[in-house]
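Using UniProt numbering, count along the sequence shown one by one with no gaps and you end on 148.
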Amino acid sequence: MKKPYQRVELLGSEIIRPTIDLVYHLRIAPDARVVYIRWVLLDDEKPIAYDMQYIPYFPGITVWNDNFEYTSFSEILSQKNKLFQMQGRMNISGINCEREIAEILEIPVGTPVMQITQKILDDNEPMGYRQLFIKREWCCIRGTSHRE
1 MKKPYQRVEL LGSEIIRPTI DLVYHLRIAP DARVVYIRWV LLDDEKPIAY DMQYIPYFPG
61 ITVWNDNFEY TSFSEILSQK NKLFQMQGRM NISGINCERE IAEILEIPVG TPVMQITQKI
121 LDDNEPMGYR QLFIKREWCC IRGTSHRE
């Protein structure tokens, strides 16, 4: 994002049944349970990003408490696995937002947004899946190329 957000608001945290997409991305059984966490990132009390996180449910994971704070996706997953090296795979694309995203970001349906999807893996096994939607005016992608 171009500049940091000022505040984060938890929209909800619950245990859900996985959709077909979640079964595919998390490589879980259709009858498994998934922790679903939703956040909105705000600047000047206006929404700038919508963050949805999906983690296969396992005993001991914190689903909700009074001090629930916005933490990095990998920090949440480290509750489950402290022994192995986690790695992430990320995909960045521009999409036209659907109704749910548009309502959260307070923009018209179909407005272009940046979508960042992220999978956290341990030994090539998915531990979590995330979708982050950012208003286009808050996006900037930079890179450096190297010639060998």
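Ideal Cβ positions, reconstructed from N, Cα and C, are used throughout, including at glycine. The structure displayed is predicted, hence computed values, not measured ones.
> Do you know how far the Cα of D43 is from the Cα of E106?
Replying inline: Numbered from its first residue, the sequence shown carries residue 106 at position 106. Numbered from its first residue, the sequence shown carries residue 43 at position 43. Straight-line Cα distance between these residues: approximately 13 Å.
>> Relative to the C-alpha of I15, which candidate in V34, E125 and Y50 has its C-alpha closest?
In response: Here residue 15 corresponds to residue number 15 of the sequence shown, with the count starting at 1. Taking only the C-alpha atoms, the option nearest I15 is V34.
>> Helix, strand or coil for E106? Go by DSSP, reduced to three states.
In response: Here the question's residue 106 lines up with position 106 in the sequence shown. In this structure, E106 counts as coil in the three-state DSSP scheme.
> residue 156 to Y36, Cα distance in whole Å?
Replying inline: In this structure the chain extends from 1 to 148, so residue 156 is not present and cannot be described.
> Once you ignore the five residues that flank Y70 on each side, which residues in its own chain have a CB closer than 6 Å to its CB?
Replying inline: Numbered from 1 along the sequence shown, position 70 holds the residue referred to as residue 70. Contacts found: V8 and W39.
>> Starting from Y54, trace the alpha helix (DSSP H) in both directions and tell me its first and last residue.
In response: For the purposes of this step, residue 54 is identified with residue 54 of the sequence shown, where counting begins at 1. No alpha helix (DSSP H) contains Y54, which is instead part of the beta strand (DSSP E) from K46 to P56.
>> Do I28 and P56 count as a contact pair if the criterion is CB distance below 8 Å?
In response: Taking the sequence shown and counting its residues from 1, one reaches residue 56 at position 56. Taking the sequence shown and counting its residues from 1, one reaches residue 28 at position 28. Taking 8 Å as the Cβ cut-off, P56 and I28 qualify as a contacting pair.
> Alpha carbon to alpha carbon, what distance is there between G12 and I101?
Replying inline: Here residue 101 corresponds to residue number 101 of the sequence shown, with the count starting at 1. Here residue 12 corresponds to residue number 12 of the sequence shown, with the count starting at 1. If I take the Cα positions, the gap works out to 15 Å.
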